[in-house]
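Participant: The listed protein sequences derive, respectively, from chains P and Z.
First residue of the first sequence: 1, per the numbering used here; consecutive thereafter.
First residue of the second sequence: 399, per the numbering used here; consecutive thereafter.
Using N, Cα and C, we set each Cβ at its ideal position, and we do this for glycine too.
Keep in mind it's a predicted model, so treat the numbers as computed, not measured.
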Amino acid sequence: MQDNRMDLHTEPLILNMGPSHPATHGTVRFLLKMDGERILHCETEIGYLHRGFEKHCENGTWTQAFPYTDRLNYNSAIQNNVAYALAAEKLLGITDKMPDRCTAVRTIMCELARLADHYTNLGAATLELGALTAFLYFVEARELVWDLIESVCGARLTSNYVRIGGLATDLPEGFDAHVKQVFAKNRELWVEFDKLLTKNRIFLDRMRDTGAISKEDAIAYGFTGPCLRAAGVEYDVRKANPYLLYADLDFDVPVGFTGDNFDRYLIRMEEINQSIRIIEQLLTKLPKGPINVDNPAVRNPSKEAVKSVMESMIHHFKNTIEGIKIPAGEAYVPTEGSNGEVGFYLVSTGGGKPWKCRVRPPCFALTQAMGQMVQGAFLSDIIPTFDMINLIGGECDR
Amino acid sequence: MAGQYKKVNRGVTLTLWERLYIPEVLRGIMITAGHFFPNLISTAKAYITGKPEQRKIMTIYYPEELPTIPEAYRGRPVLVRGADGKEKCVACGLCEVACPPKCISLTGGMRDDGTRYPTTYTLNGAVCIFCGLCEEACPEEAIVMSHDYQNLCEYDRSLMVYDKEALLIPQEKLTRRLDYIRRRMYSKCNY
Ligand code: SF4
Ligand code: SF4
Numbered sequence: 001m002q003d004n005r006m007d008l009h010t011e012p013l014i015l016n017m018g019p020s021h022p023a024t025h026g027t028v029r030f031l032l033k034m035d036g037e038r039i040l041h042c043e044t045e046i047g048y049l050h051r052g053f054e055k056h057c058e059n060g061t062w063t064q065a066f067p068y069t070d071r072l073n074y075n076s077a078i079q080n081n082v083a084y085a086l087a088a089e090k091l092l093g094i095t096d097k098m099p100d101r102c103t104a105v106r107t108i109m110c111e112l113a114r115l116a117d118h119y120t121n122l123g124a125a126t127l128e129l130g131a132l133t134a135f136l137y138f139v140e141a142r143e144l145v146w147d148l149i150e151s152v153c154g155a156r157l158t159s160n161y162v163r164i165g166g167l168a169t170d171l172p173e174g175f176d177a178h179v180k181q182v183f184a185k186n187r188e189l190w191v192e193f194d195k196l197l198t199k200n201r202i203f204l205d206r207m208r209d210t211g212a213i214s215k216e217d218a219i220a221y222g223f224t225g226p227c228l229r230a231a232g233v234e235y236d237v238r239k240a241n242p243y244l245l246y247a248d249l250d251f252d253v254p255v256g257f258t259g260d261n262f263d264r265y266l267i268r269m270e271e272i273n274q275s276i277r278i279i280e281q282l283l284t285k286l287p288k289g290p291i292n293v294d295n296p297a298v299r300n301p302s303k304e305a306v307k308s309v310m311e312s313m314i315h316h317f318k319n320t321i322e323g324i325k326i327p328a329g330e331a332y333v334p335t336e337g338s339n340g341e342v343g344f345y346l347v348s349t350g351g352g353k354p355w356k357c358r359v360r361p362p363c364f365a366l367t368q369a370m371g372q373m374v375q376g377a378f379l380s381d382i383i384p385t386f387d388m389i390n391l392i393g394g395e396c397d398r
Numbered sequence: 399m400a401g402q403y404k405k406v407n408r409g410v411t412l413t414l415w416e417r418l419y420i421p422e423v424l425r426g427i428m429i430t431a432g433h434f435f436p437n438l439i440s441t442a443k444a445y446i447t448g449k450p451e452q453r454k455i456m457t458i459y460y461p462e463e464l465p466t467i468p469e470a471y472r473g474r475p476v477l478v479r480g481a482d483g484k485e486k487c488v489a490c491g492l493c494e495v496a497c498p499p500k501c502i503s504l505t506g507g508m509r510d511d512g513t514r515y516p517t518t519y520t521l522n523g524a525v526c527i528f529c530g531l532c533e534e535a536c537p538e539e540a541i542v543m544s545h546d547y548q549n550l551c552e553y554d555r556s557l558m559v560y561d562k563e564a565l566l567i568p569q570e571k572l573t574r575r576l577d578y579i580r581r582r583m584y585s586k587c588n589y
């Protein structure tokens, strides 16, 4: 039979995926040029969730920015709170003066947020690949972690927990026991999730050798976090540039080989275990004492002091109305978010408001490589690749 | 610094048995059945004995059953009515400036005995982001985050604007939260 395909008038199909496609978690649009099932070209369009976060921050006092930072990566809101506070404290020059308990609690809460983020990411990824059961197991684990977070700061997502120079509240009574109970259950769920997926033939076919990126390209695109480590680069801000208590903690950082989706999956699975390990270490040696710096010009004084000491009262009013006075200068503190490096670049002119607040969102750099990672792949490979990038609209579009 | 970078085990090789597929499907079903049957049986038991805490499944039957709200929970911000039946608020206006989305507006006045009080106080519940900064700013413990989370949504936004009467709650009803903020949040021991 004669092959008459050559005579057919074919042309690439332009396919619009998004902005609210059920299988892309996050509001993003892919403009695809398809040759049959193959992707010839993928253009990523972001910005659907832009709400002017940075400008918002510049219009409020330093403290009023905290609730807005929650809405960046809402899965790990506390990490954003901490990143912002660390940058502001660097400007104030009080990084070394922070109470031990404050630093320890911040580290614990950062790792709890990382747990919640990885559970959501892996669960949602499997959901979008069609494995609803595994999703439910990790969502249960995440619910338990969010219960913990809620018992500490009063909200599951919009935590608003950290303050410049301290924390909003102390850990509740009985926190240790609650954590132990949650981790026992979460370990079981982890094992079952692992059993259902890691050796699952369908899952392996969808994940292994899809969406790969080389070491050099990953660095050139500005990758950080699990996606960079999946490509085999040994870089984790917690090890390379330790902040909080990470320098004294015993934990491993998983690194992959080829940078494909399966490596990213394995890294997140292992990081869950390491985060649990970090929290357990910290809880055994959690220092007692204050959680706020004793400096009424930085951290609002206690209510007893406001009612009884004139100076405290004045500071309380001035801090609230004019904002904390942060000396002029600029600062950036890199922190390891669950998705990659999160950092706030703050510029102060000495007033009560940030003069400039710029956030470095990890998934912005990851998303720009989407086109390269899915070039020549099948249409269905977009789903696992995009899942493992873990684009969070709130953070990417700001 | 202990701990190091460790390579993941990517070389997952499937044995012939695992590649046969059917046994793997059965293994998967075993895992899910391990969740399904205990959940089913314990739910049935709880239904018969009338003890919902026996259920192994983590979901609850809202609104017949209500979740336990942790002490730290931040619900709808409310004004505290003191033991004498008067507002504790002294209309200092700190909550108004501390509120990031600017959803509070108030006007102050003076009682006959010379104490200050808010003549009007409006909190727009449709704009409030439940951040708790008003509670932190208030020097009088007059506005607190209650544990109120039900029926806050309306079909009409104008119904979500609370006036002073809708906001004032007697302090006996808020003891759990007031205790908590005195003990864990704004107390001397935290400084
Ligand atoms: S909780 Fe936050 S948003 Fe709501 S009234 Fe208080 S300060 Fe304003
Ligand atoms: S801060 Fe407290 S006392 Fe001052 S106006 Fe607001 S509720 Fe009233």
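#1: Provide the residue(s) that pair with Lys405/Z in DSSP beta bridges, ordered along the chain.
#2: State the Cα-Cα distance for the pair Val495/Z and Tyr459/Z, rounded to the nearest angstrom.
#3: Check Asp387/P in the structure and name its three-state DSSP category.
#4: Name the two residues that bound the continuous beta strand (DSSP E) containing Glu341/P.
#5: Is Leu32/P near ligand 2, going by C-beta to nearest heavy atom under 7 Å?
#6: Measure from the alpha carbon of Gln548/Z to the alpha carbon of each residue in Gly473/Z, Ile427/Z and Leu477/Z, then state which is nearest.
#7: Ala134/P and Leu196/P - do their beta-carbons sit closer together than 8 Å?
#8: Using a Cβ-Cβ cutoff of less than 7 Å, which residues in the same chain neighbour Cys357/P once the five nearest sequence positions on both sides are dropped?
#9: Going by the DSSP bridge assignment, what does Leu15/P pair with across the sheet?
#10: Using 8 Å as the threshold, is the segment 170–178 of chain P in touch with the segment 300–314 of chain P, meaning 3 or more CB pairs across them?
#11: Could you say which of Pro254/P, Asn295/P and His118/P lies nearest to Val406/Z if we only look at CA atoms?
#12: Once you ignore the five residues that flank Trp62/P on each side, which residues in its own chain have a CB closer than 8 Å to its CB?
#13: Of all Cβ atoms in chain P, is any one closer than 8 Å to the Cβ of Ser503/Z?
#14: Sorted by chain position, which residues of the same chain lie with C-beta nearer than 6 Å to Tyr332/P's C-beta, five sequence neighbours on each side aside?
#15: Anyone know if the C-beta pair for Ala83/P and Tyr221/P falls short of 8 Å?
#16: Let me check one thing: in DSSP terms, what residues is Cys357/P bridge-paired to?
#17: So does Ile567/Z have its beta carbon nearer than 7 Å to some heavy atom of ligand 2?
#18: Which same chain residues, not among the five before or five after Ala291/P, have their C-beta less than 7 Å away from its C-beta?
#19: Any beta-carbon of chain Z closer than 8 Å to the one on Thr126/P?
#20: Is there a C-beta anywhere in chain P that falls below 8 Å from the one on Val542/Z?
#21: Taking the beta carbon of Met399/Z as the centre, do at least 16 other beta carbons fall within 10 Å, making it buried, or is it exposed?
#22: What I want to know is whether the C-beta of Gly530/Z ends up closer than 7 Å to one or more non-hydrogen atoms of ligand 1.
#23: Mind pulling the alpha helix (DSSP H) runs of 4 or more residues that sit fully within the segment 172–206 of chain P?
#24: Assign Cys42/P to one of three DSSP states: helix, strand, or coil.
#25: Is any non-hydrogen atom of ligand 1 found closer than 7 Å to the C-beta of Ala564/Z, if you look at the structure I gave you?
#26: Leaving aside the five residues before and after Lys486/Z along the sequence, list all residues of the same chain whose C-beta is less than 8 Å from its C-beta, in chain order.
#27: Residues of chain P with CB under 9 Å from Ser440/Z, in chain order?
#28: Please go through the same chain and pick out, in chain order, the residues whose beta-carbon is closer than 7 Å to the beta-carbon of Glu422/Z, but skip the five residues on each side of it.
#29: In chain Z, which residues lie with their C-beta within 7 Å of the C-beta of Cys153/P?
#30: Have a look at Asp217/P and Gly47/P and give me their C-alpha separation to the nearest angstrom.
#31: Just confirm the distance between the C-beta atoms of Leu31/P and Glu45/P, as a whole number of angstroms; I'd bet it's less than 8 Å.
#32: Would you identify the three-state DSSP class for Val423/Z, choosing helix, strand or coil?
#33: Using 7 Å as the cut-off, classify the Cβ of Ile321/P as near or not near the heavy atoms of ligand 2, replying yes or no.
#34: Helix or strand or just coil, what does DSSP make of Leu167/P?
#35: Nearer than 7 Å: is that true of the beta carbon of Pro498/Z relative to any heavy atom of ligand 1?
#36: Determine, for Gln402/Z, whether the minimum Cβ-Cβ distance to residues of chain P falls below 8 Å.
Facilitator: In short:
#1: Translated into the one-based positions of the second sequence, residue 405/Z becomes position 7. Its beta-bridge partners are Val255/P.
#2: Position 97 of the second sequence holds residue 495/Z. Position 61 of the second sequence holds residue 459/Z. Val495/Z and Tyr459/Z have their alpha carbons spaced roughly 40 Å apart.
#3: Here the question's residue 387/P lines up with position 387 in the first sequence. Correct three-state label for Asp387/P: helix.
#4: Taking the first sequence and counting its residues from 1, one reaches residue 341/P at position 341. Counted as a single uninterrupted DSSP element, the beta strand (DSSP E) harbouring Glu341/P occupies residues Glu341 to Ser348.
#5: As a first step, residue 32/P is located in the first sequence; it is residue number 32 there, counting from the start. Every heavy atom of ligand 2 is 7 Å or more from the Cβ of Leu32/P, so no.
#6: As a working mapping, residue 548/Z is identified with position 150 in the second sequence. When each option's Cα is compared against that of Gln548/Z, the closest is Gly473/Z.
#7: Along the first sequence, read from residue 1 onward, the residue named residue 196/P stands at position 196. Along the first sequence, read from residue 1 onward, the residue named residue 134/P stands at position 134. Contact: yes.
#8: Along the first sequence, one-based indexing puts residue 357/P at 357. Counting only Cβ-Cβ distances below 7 Å, and skipping sequence neighbours, we find Glu54, Cys57, Glu58, Ala65, Phe344 and Leu346.
#9: Residue numbering aside, residue 15/P sits at position 15 when the first sequence is read from its first letter. For Leu15/P, the pairing in a beta bridge is given by DSSP as Leu32/P.
#10: Short answer: they don't touch.
#11: What you label residue 406/Z is simply residue 8 of the second sequence in a count that begins at 1. Considering only alpha carbons, the answer is Pro254/P.
#12: The residue you call residue 62/P lines up with position 62 of the first sequence. Ala88, Ile164, Gly323, Ile324, Ile326, Gly352, Lys353 and Pro354, listed in sequence order.
#13: Within the second sequence, residue 503/Z is the residue found at index 105, counting from 1. False, the Cβ-Cβ gap to chain P never drops below 8 Å.
#14: Your numbering for residue 332/P matches position 332 in the first sequence. Excluding sequence neighbours, Tyr332/P sits near Gly343 and Tyr345.
#15: Mapped onto the first sequence, residue 83/P falls at position 83. Mapped onto the first sequence, residue 221/P falls at position 221. No. Outside cutoff.
#16: Taking the first sequence and counting its residues from 1, the one referred to as residue 357/P is at position 357. Its beta-bridge partners are Leu346/P.
#17: For the purposes of this step, residue 567/Z is taken as the residue at position 169 of the second sequence. No, Cβ of Ile567/Z sits at least 7 Å from all heavy atoms of ligand 2.
#18: Within the first sequence, numbered from 1, the residue matching residue 291/P stands at position 291. Checking the sequence, you will find Ile at residue 291/P rather than Ala. These residues qualify, in order along the chain: Pro99, Arg101, Cys102, Val105, Gly166, Leu167 and Asp170.
#19: Along the first sequence, read from residue 1 onward, the residue named residue 126/P stands at position 126. Not flagged as an interface residue toward chain Z: Thr126/P, since no C-beta distance is shorter than 8 Å.
#20: Within the second sequence, the letter at position 144 stands for residue 542/Z. Closer than 8 Å: no.
#21: In the second sequence, the residue the question calls residue 399/Z occupies position 1. Summary for Met399/Z: the model assigns pLDDT 49, below 50, so the residue's position carries little reliability, and this model does not support an answer.
#22: Translated into positions along the second sequence, residue 530/Z becomes position 132. It does: the Cβ of Gly530/Z is within 7 Å (strictly closer) of some heavy atom of ligand 1.
#23: Fully enclosed alpha helix (DSSP H) runs of 4 or longer: 175–197.
#24: On the first sequence, residue 42/P is found 42 positions in, with the first residue counted as 1. Reduced to three states, the DSSP call for Cys42/P is strand.
#25: As a working mapping, residue 564/Z is identified with position 166 in the second sequence. No, since every heavy atom of ligand 1 falls outside the 7 Å radius drawn around the Cβ of Ala564/Z.
#26: As a first step, residue 486/Z is located in the second sequence; it is residue number 88 there, counting from the start. Same-chain partners within the cutoff: Leu477, Val478, Arg479, Gly480, Glu538, Glu539, Ala540 and Gln569.
#27: Here the question's residue 440/Z lines up with position 42 in the second sequence. At a beta-carbon threshold of 9 Å, none of the residues of chain P lie near Ser440/Z; the nearest stands roughly 15 Å away.
#28: Taking the second sequence and counting its residues from 1, the one referred to as residue 422/Z is at position 24. Cβ contact annotation for Glu422/Z (same chain, cutoff 7 Å, sequence separation greater than five): Glu416, in chain order.
#29: Looking up residue 153/P in the first sequence gives position 153. Within chain Z, the residues near Cys153/P are Ala470.
#30: Taking the first sequence and counting its residues from 1, the one referred to as residue 217/P is at position 217. Taking the first sequence and counting its residues from 1, the one referred to as residue 47/P is at position 47. In a straight line, the C-alpha of Asp217/P is about 24 Å away from that of Gly47/P.
#31: Here the question's residue 31/P lines up with position 31 in the first sequence. Here the question's residue 45/P lines up with position 45 in the first sequence. Beta-carbon to beta-carbon, Leu31/P and Glu45/P are separated by about 7 Å, close enough to satisfy the 8 Å threshold.
#32: By one-based count along the second sequence, residue 423/Z stands at place 25. The answer is helix: DSSP assigns Val423/Z an H, G or I state.
#33: For the purposes of this step, residue 321/P is taken as residue 321 along the first sequence, with counting starting at 1. Result no, Cβ not under 7 Å from ligand 2.
#34: By one-based count along the first sequence, residue 167/P stands at place 167. Reduced to three states, the DSSP call for Leu167/P is strand.
#35: Position 100 of the second sequence, counting from 1, holds the residue named residue 498/Z. Result yes, Cβ under 7 Å from ligand 1.
#36: Within the second sequence, numbered from 1, the residue matching residue 402/Z stands at position 4. The beta carbon of Gln402/Z falls within 8 Å of a beta carbon belonging to chain P, placing the residue at that interface.
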